[in-house]
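Peer 1: Quick one: this structure, given as structure tokens, is what I'll be asking you about.
Numbering (my numbering), first residue to last: 2 to 238.
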């Protein structure tokens with residue numbers, strides 16, 4: 002509704018205007034800052050906002066040389082938003098979401114190595130070491146075939162760490178620390194449901210602690226509400 006098409010192909014803009022691409026760039030910057038301070042939920046929300054903002058094709062149906070450049074820039078923003086989403090999902094323990102976002106980034110970007118690294122890390126965190134290694138070698142073959150290049154040193158080092166077993170199921174160095182007896186009890190086989198939001202908050206706090214920022218979390222509620230069960234499930238994870 003902001004565009005008025007005039008004769009001979011001219012277009013007039015009706016103000017006031019809000020440029021979605023510029024707004025998406027600002028939101029992406031906020032998401033990057035959230036990653037720097039390990040605010041994973043905020044980073045995830047920012048990435049989704051960028052993807053929502055840039056859904057669809059820029060000026061679908063129009064063709065121009067300058068427009069192709071804009072479309073490429075928008076595609077790059079989408080890829081960065083997908084990588085941001087994958088990074089936040091990994092740090093919150095949502096490996097499946099991270100894997101989906103990283104693969105979507107690769108589908109757009111081709112050989113962009115940060116996206117491939119996120120796929121490898123997500124696979125390793127899910128326990129699929131063989132799949133992570135195959136992903137690495139698939140990229141290596143693709144790079145050699147298309148440009149005669151090899152994977153970056155960072156990607157090679159990530160592959161080496163995965164193959165050496167340095168990345169456990171939570172994406173960090175494996176630990177042999179035991180759990181208190183109360184958290185080692187069997188759950189009795191009952192399904193654990195309805196606590197996703199709380200688990201996400203715990204994962205975010207745990208990720209901050211792993212990054213060096215001390216965290217203290219108190220689980221509060223009436224007797225029988227499931228505090229011990231929640232702690233047990235999170236400790237197992």
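Think of the CB as a built atom: it goes at the ideal place given N, C-alpha and C, for glycine as much as any other residue.
(1) Which residue's Cα is closest to the Cα of residue 75: 47, 125, 83, 59?
(2) Please state whether DSSP places residue 188 in a helix, a strand or coil.
(3) Under three-state DSSP, which class holds residue 206?
(4) Under 6 Å Cβ to Cβ from residue 133, same chain only, skipping five residues before and after it: list those, please.
(5) In whole angstroms, what is the alpha-carbon distance linking residue 151 and residue 53?
(6) Is there contact here, the segment 82–100 with the segment 134–151, by at least three beta-carbon pairs under 8 Å?
(7) For residue 221, tell me which candidate among 232, 215, 61 has the shortest Cα-Cα distance.
(8) Which partner residues of residue 5 appear in the DSSP bridge assignment?
(9) For the segment 106–116 against the segment 68–82, are there 3 or more C-beta pairs whose distance is under 8 Å?
(10) Checking contacts by CB at 8 Å: is residue 195 closer than that to chain B?
(11) State buried or exposed for residue 51, treating a residue as buried only when at least 16 other CB atoms are found within 10 Å of its CB.
(12) Whole-angstrom Cβ separation of residue 94 and residue 237, contact assumed at under 8 Å?
(13) Should residue 217 be labelled buried (16 or more other beta-carbon atoms within 10 Å of its own) or exposed?
(14) Quick one: does the C-beta of residue 112 sit closer than 7 Å to a heavy atom of the ligand GTP?
(15) Relative to the C-alpha of residue 110, which candidate in 57, 202, 73 has its C-alpha closest?
(16) Measure how close the beta-carbons of residue 15 and residue 27 come, nearest whole angstrom, since I'm counting them as under 8 Å.
Peer 2: Taking the coordinates as given:
(1) 59
(2) Note that residue 188 scores 48 on pLDDT, short of 50, meaning its location in the model is unreliable and no value can be drawn from it.
(3) helix
(4) 121, 124, 125, 163
(5) 34 Å
(6) no
(7) 232
(8) 13
(9) yes
(10) No chain B appears in the structure shown, which is made up of a single protein chain.
(11) buried
(12) So it is not a contact: roughly 12 Å between Cβ atoms.
(13) exposed
(14) This structure does not include the ligand GTP; it has no bound ligands of any sort.
(15) 73
(16) Between residue 27 and residue 15 the Cβ distance is about 23 Å, and since that is not below 8 Å, they are no contact.
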